[in-house]
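Here's the structure, in structure tokens; my notes come after.
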Amino acid sequence: MNMKSITLFVMMLTSLWAVSAQADLYAYTDEHGILNITNVPSTDARYKLLRKESNGRIWKNSVKTSSSGTRRSYKKTAGLDSIVQQAAQANKVDAALVHAVIHVESGFNPHAVSPKGASGLMQLMPATARRYGVQDIFDPEENIGAGVRYLKDLLKMFNNNQRLALAAYNAGENSVLRFGGIPPYPETTQYVTKVLSMHTRYRKSG
1010 MNMKSITLFV
1020 MMLTSLWAVS
1030 AQADLYAYTD
1040 EHGILNITNV
1050 PSTDARYKLL
1060 RKESNGRIWK
1070 NSVKTSSSGT
1080 RRSYKKTAGL
1090 DSIVQQAAQA
1100 NKVDAALVHA
1110 VIHVESGFNP
1120 HAVSPKGASG
1130 LMQLMPATAR
1140 RYGVQDIFDP
1150 EENIGAGVRY
1160 LKDLLKMFNN
1170 NQRLALAAYN
1180 AGENSVLRFG
1190 GIPPYPETTQ
1200 YVTKVLSMHT
1210 RYRKSG
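In my numbering, each residue's number is its place in the sequence shown (first place is 1) plus 1009.
Rendered as structure tokens:
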């Protein structure tokens, strides 16, 4: 980044901090070297979290360093557990399964965005979010509520077969129907194994 870009960065960052002192900030530099900053969550995967809102109500975040640099990790808290329990009970879905899906899908990061555009805790695709009436895909209650309802519908579709329902959650129900079982996609087979493993863990931990 050249001096002009750095100066622009400082000016924009200062402005955003003044306007919204407690807001999350996201940024990316495009192919023309132009820095883009926003405090509005985006489905554009190029935006990376620059600063986390410090309200401390639901999400506890800690910073860990690795060989690839600094990254942010998220942990399940009582606030999240309450949201999951309510959604799970309302839809008669195992809460441990919901926690397992969230763990594998987003690592409990409410701002997670996949390269394909899946967003939030339960990594809802925009079309799925619209189907279940989600207004703010990054809102924990809305995201989890819709994700649990979708999971409930998939379990019903596949006669409570968790493996097929999870495969459909990952690859889409049409893929499961087309192959007559778990699609032969490495990502999907690994996903099902991981979620079921985490499901066992969360059931044991209560």
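Ideal Cβ placement from N, Cα and C applies to all residues, glycine included.
Being a predicted model, the structure only gives us computed values, none of them experimental.
- DSSP, read as helix, strand or coil, puts L1133 in strand.
- Taken through DSSP and simplified to helix, strand or coil, V1122 comes out as strand.
- DSSP places N1179 inside the alpha helix (DSSP H), whose first and last residues are 1171–1180.
- Exposed is the label assigned to N1183, since fewer than 16 other Cβ atoms lie within 10 Å of its Cβ.
- Nearest C-alpha to Y1200 among N1100, A1104, G1154, S1115: S1115.
- Here E1151 is buried. Its C-beta has 16 or more other C-beta atoms within 10 Å.
- In this structure the stretch 1092–1112 touches the stretch 1148–1166; the number of beta carbon pairs closer than 8 Å is three or more.
- With respect to the 9 Å criterion, V1204 and L1163 are not classified as neighbours on the basis of their beta carbons.
- Under the DSSP assignment, D1162 falls in the alpha helix (DSSP H) whose first and last residues are 1149–1166.
- Cβ-Cβ distances below 6 Å link A1096 to I1153, G1154, V1157 in the same chain, with the five nearest sequence neighbours on each side left out; the list follows chain order.
- With a cutoff of 9 Å on beta-carbon distance, R1212 and D1103 are scored as near each other.
- Residue pairing by DSSP places S1128 opposite V1122, L1133 in a beta bridge.
- Within the same chain, Cβ atoms closer than 7 Å to the Cβ of I1092 are found at P1149, E1150, I1153, the five residues on either side in sequence being excluded.
- Each residue's CA atom was taken as its position, placing Q1132 and G1190 some 22 Å apart.
- Membership of V1107 in the alpha helix (DSSP H) is indicated by the continuous run 1104–1115.
- In this structure, N1100 is the residue among D1090, Q1094, N1100, L1089 with its C-alpha nearest to the C-alpha of Y1159.
- Non-local beta-carbon contacts of A1138 in its own chain, meaning distances under 7 Å to residues more than five positions away in sequence, involve I1146, A1155 in chain order.
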